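Each remark here refers to the structure printed beneath this line.
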Amino acid sequence: MFKNHLKIAWRSITKDKFFTFIKIGGFAIGIAACLLITLFIRDELSYDRHYKNTDKIYRVVLQGIMDGEIKKSVHFQLPFADALASDFPEILKAGKINTSELFNAGKRGMKLADDTQNNFEEGFVFANQQLFEILEIPLEQGNEKNALTQPQSLVISQTKAAKYFPNGNAVGQTIVLDNDSSKPYTITGVMKDFPKNSHLNFDFILPIEDTNMSWTNQNYFTYVLVDEKANIQELEKKMFSIMETYIIPAQLERG
7 MFKNHLKIAW RSITKDKFFT FIKIGGFAIG IAACLLITLF IRDELSYDRH
57 YKNTDKIYRV VLQGIMDGEI KKSVHFQLPF ADALASDFPE ILKAGKINTS
107 ELFNAGKRGM KLADDTQNNF EEGFVFANQQ LFEILEIPLE QGNEKNALTQ
157 PQSLVISQTK AAKYFPNGNA VGQTIVLDND SSKPYTITGV MKDFPKNSHL
207 NFDFILPIED TNMSWTNQNY FTYVLVDEKA NIQELEKKMF SIMETYIIPA
257 QLERG
């Protein structure tokens, strides 16, 4: 019985080879497309799931309507994160990070204090200690609690630590950036490399040196750690008061 079914199926297939090719080819393409879509969705959903408090960490996004279109921005002022943490008890911590090359992030010249050869390295960012604590960036060397609390401190990835200090502890070593030996940096931590499925990926973290607490310059991404009992929708509505309390008065004063 089964053999008869096979024979009938084979005859049907060989009877019109072109039509059979189209059907089988279409079926194969459909299966391949489904697999690719599944893999893509799985990869997208895996991003940033490695953080311990991933369900309580949010990146702040400002959304508004301009010229009849919905516009979004993720760039905020230097004091913005501090205002969030002080004005809203639901926000346990607020961190900030600057990745712009216009403010010396990105690519910089780097060398050991006793070297003459300057190397160009990418992946420099500026961040505050709160961001370090929100993301709970694990350190292979150093103390997570004070890695970025002091000026001229520097946290590097384990890959870069292995490159520059293959035979010893990197913490406490001195680094010179952009040939400015008058302003050396001391390594205070060696962090584990970020996984590939992270939207944040950098090799060097410097403490924020910007002292311009203006509400008119928007240079920082802001991340918050929110209390697990917080109502996110209500918190979002309350956060708009930042505009009325700080940003709009600063804009009016500036003219």
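Numbering (the numbering used here), first residue to last: 7 to 261.
The C-beta atom is built at its ideal place from N, Cα and C for all residues, glycine as well.
Since the model is a prediction, treat every value here as computed from it, not as a measurement.
Taking C-alpha atoms, which residue in the options lies nearest to residue i?
i, options, result
"residue 63", "191, 242, 259 and 230", "230"
"residue 137", "88, 247 and 114", "88"
"residue 200", "238, 41 and 164", "164"
"residue 48", "242, 203 and 214", "203"
"residue 269", "45, 65, 37 and 40", "Residue 269 lies beyond the stretch modelled for the chain, which goes from 7 to 261, so this question has no answer here."
"residue 238", "189, 190 and 61", "61"
"residue 217", "190, 36 and 157", "157"
Applying the 10 Å Cβ sphere with the 16-neighbour rule, what's the burial state of residue i?
i, result
"residue 67", "exposed"
"residue 209", "buried"
"residue 135", "buried"
"residue 251", "exposed"
"residue 243", "exposed"
"residue 143", "buried"
"residue 127", "buried"
"residue 214", "buried"
"residue 90", "buried"
Straight-line CA distance for residue i to residue j?
i, j, result
"residue 219", "residue 245", "19 Å"
"residue 228", "residue 86", "8 Å"
"residue 182", "residue 41", "49 Å"
"residue 258", "residue 211", "35 Å"
"residue 174", "residue 120", "16 Å"
"residue 110", "residue 43", "39 Å"
"residue 35", "residue 46", "16 Å"
"residue 260", "residue 108", "22 Å"
"residue 241", "residue 178", "42 Å"
"residue 150", "residue 59", "16 Å"
Taking Cβ to Cβ, would you say residue i is nearer than 8 Å to residue j?
i, j, result
"residue 133", "residue 154", "yes"
"residue 192", "residue 159", "yes"
"residue 96", "residue 186", "no"
"residue 141", "residue 57", "yes"
"residue 223", "residue 123", "no"
"residue 184", "residue 129", "no"
"residue 104", "residue 80", "no"
"residue 139", "residue 99", "yes"
Ignore the nearest five residues each way along the sequence and tell me which others in residue i's own chain have a CB closer than 8 Å to its CB.
i, result
"residue 106", "112 and 225"
"residue 176", "147, 162, 167, 170, 193 and 196"
"residue 247", "93"
Leaving out five residues on either side along the sequence, give the residues of the same chain with a beta carbon under 6 Å from the beta carbon of residue i.
i, result
"residue 253", "221"
"residue 172", "none"
"residue 264", "It is not possible to answer for residue 264, since the shown part of the chain is limited to 7 through 261."
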